[in-house]
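Step one of this worksheet: look at the structure below.
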Amino acid sequence: MDTASTSGAPPVAPPAAERVYAEVKAAILDRSLPGGQLVTEGELAARTGVSRTPVREGLLRLEAEGLVRLLPKRGALVVPVSPEEVEDVLEARELVEVHAAVRAWDRRAEFTGELAAHLERMRAAQAAGDAWEFMGADRAFHATVVRAAGNRVLADLYDGLRDRQMRMGVANMRGSADRVAVALADHEALLEVARTGDLRTWRELVRRHVRSAGDRLRSTR
């Protein structure tokens with residue numbers, strides 16, 4: 438019998454380049470590696486416990502996503518968030534989410550339970566004062582609706598948009614109980630409309646929520 442397939446087998450560690458990619462990306466998104474910081478391959482190799490080859494591979498993926506810029510013989514520069522990027526992300530997010538919300542409406546009975554679970558995660562994160570967990574649950578709430586629209590290309594595009602917005606918004610949520618409370622109330626209203634409302638109200642509430650989230654983000658920049 439193949440022992441690797443038994444329930445008692447140890448989990449398989451991700452490839453080194455994948456681990457570098459995931460760890461460095463998380464540090465960029467939560468701003469522990471802030472925009473404008475230059476890091477060397479040697480520093481990242483020491484940070485992640487791998488050799489320089491997988492570090493380089495991971496950085497190439499991050500460069501393709503626009504999160505770092507590789508500088509020959511110097512390292513990787515964490516790309517700062519520009520005002521133009523903020524506006525581009527917010528515009529694209531509204532286009533994707535409003536379209537997906539309309540497409541997903543007829544399938545709402547299939548995903549409202551999942552939305553409720555994400556909402557509970559948001560409440561727990563609010564109680565714990567964990568802004569990063571709150572934002573992750575917020576992202577998952579909206580991604581559920583986008584996936585329900587049934588367009589894989591849009592779902593993948595949305596994931597990239599929310600990566601960018603999470604980096605922009607982490608400072609917005611940390612230390613701001615009022616902003617967290619407003620965001621939570623918005624999501625409670627979205628779930629209620631998905632359960633009991635009509636398509637027109639649902640579409641406009643999604644649009645209004647995305648725009649108000651953008652306004653809150655702009656106000657902190």
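In this text, residue positions in the sequence shown follow the numbering used here: the first is 438, and each later residue adds one.
Note that CB positions come from ideal geometry on N, CA and C, so glycine has one too.
Given the structure is predicted, the values throughout are model-derived calculations rather than measurements.
Next on the checklist: Taking its Cβ as the centre, do 16 or more other Cβ atoms sit within 10 Å of ASP543, making it buried, or is it exposed?
Outcome noted: Taking the first residue of the sequence shown as 1, we reach residue 543 at position 106. Around the beta carbon of ASP543, fewer than 16 other beta carbons lie within 10 angstroms, which makes this residue exposed.
Checklist entry - From ARG640 to HIS646, what distance separates their C-alpha atoms? => result What you label residue 640 is simply residue 203 of the sequence shown in a count that begins at 1. What you label residue 646 is simply residue 209 of the sequence shown in a count that begins at 1. One C-alpha to the other measures close to 10 Å.
Checklist entry - Quick check: the segment 473 to 486 against the segment 454 to 465, are there 3 or more CB pairs under 8 Å? => result The segment 473 to 486 makes contact with the segment 454 to 465; the number of CB pairs closer than 8 Å reaches 3 or more.
Checklist entry - To which residues of the same chain is LEU552 closer than 7 Å at the C-beta, ignoring the five residues directly before and after it? => result By 1-based counting over the sequence shown, the position of residue 552 is 115. Close CB contacts of LEU552 within its chain, under the 7 Å cut and outside five residues either way in sequence, are with PHE578, THR581, LEU628 and ALA631 (chain order).
Item to check | Per DSSP, cross-strand counterpart(s) of LEU507 | outcome: Mapped onto the sequence shown, residue 507 falls at position 70. ALA513, per the DSSP bridge assignment.
Checklist entry - By Cβ distance below 8 Å, which residues in the same chain neighbour GLY473 in space, the five residues on each side in sequence not counted? => result Counting from 1 along the sequence shown, the entry for residue 473 is found at position 36. LEU514, VAL515 and PRO517, listed in sequence order.
Checklist entry - How would you write the range of the alpha helix (DSSP H) that GLN563 sits in, first residue to last? => result Here the question's residue 563 lines up with position 126 in the sequence shown. Bounds of the alpha helix (DSSP H) holding GLN563 are 545 to 565.
Checklist entry - Is DSSP giving VAL533 helix, strand or coil here? => result On the sequence shown, residue 533 is found 96 positions in, with the first residue counted as 1. Residue state, collapsed to three classes: helix.
Checklist entry - Given that a residue counts as buried once 16 or more other Cβ atoms are within 10 Å of its Cβ, and exposed if not, what is GLU528? => result Residue 528 sits at position 91 when you count from the first residue of the sequence shown. It is exposed - the Cβ of GLU528 has fewer than 16 other Cβ atoms within 10 Å.
Checklist entry - With C-beta atoms as the reference, is PRO491 less than 8 Å away from ALA546? => result Numbered from its first residue, the sequence shown carries residue 491 at position 54. Numbered from its first residue, the sequence shown carries residue 546 at position 109. Taking 8 Å as the Cβ cut-off, PRO491 and ALA546 do not qualify as a contacting pair.
Item to check | Proximal residues to ARG599 (C-beta, below 8 Å), its chain only, five neighbours per side dropped | outcome: Residue mapping note: residue 599 aligns to position 162 of the sequence shown, counting from 1. Annotation for ARG599: ARG530, ARG576, HIS579 and ALA580 place their beta carbon closer than 8 Å to its own, counting only its chain and skipping 5 residues before and after.
Next on the checklist: Please return the same chain residues whose Cβ sits closer than 6 Å to the Cβ of ARG644, not counting the five positions on each side in sequence.
Outcome noted: Against the sequence shown, residue 644 aligns to sequence position 207. Cβ neighbours of ARG644 beyond the five flanking positions: VAL535.
Checklist entry - Helix, strand or coil: how does DSSP classify LEU499 here? => result For the purposes of this step, residue 499 is taken as the residue at position 62 of the sequence shown. DSSP, read as helix, strand or coil, puts LEU499 in helix.
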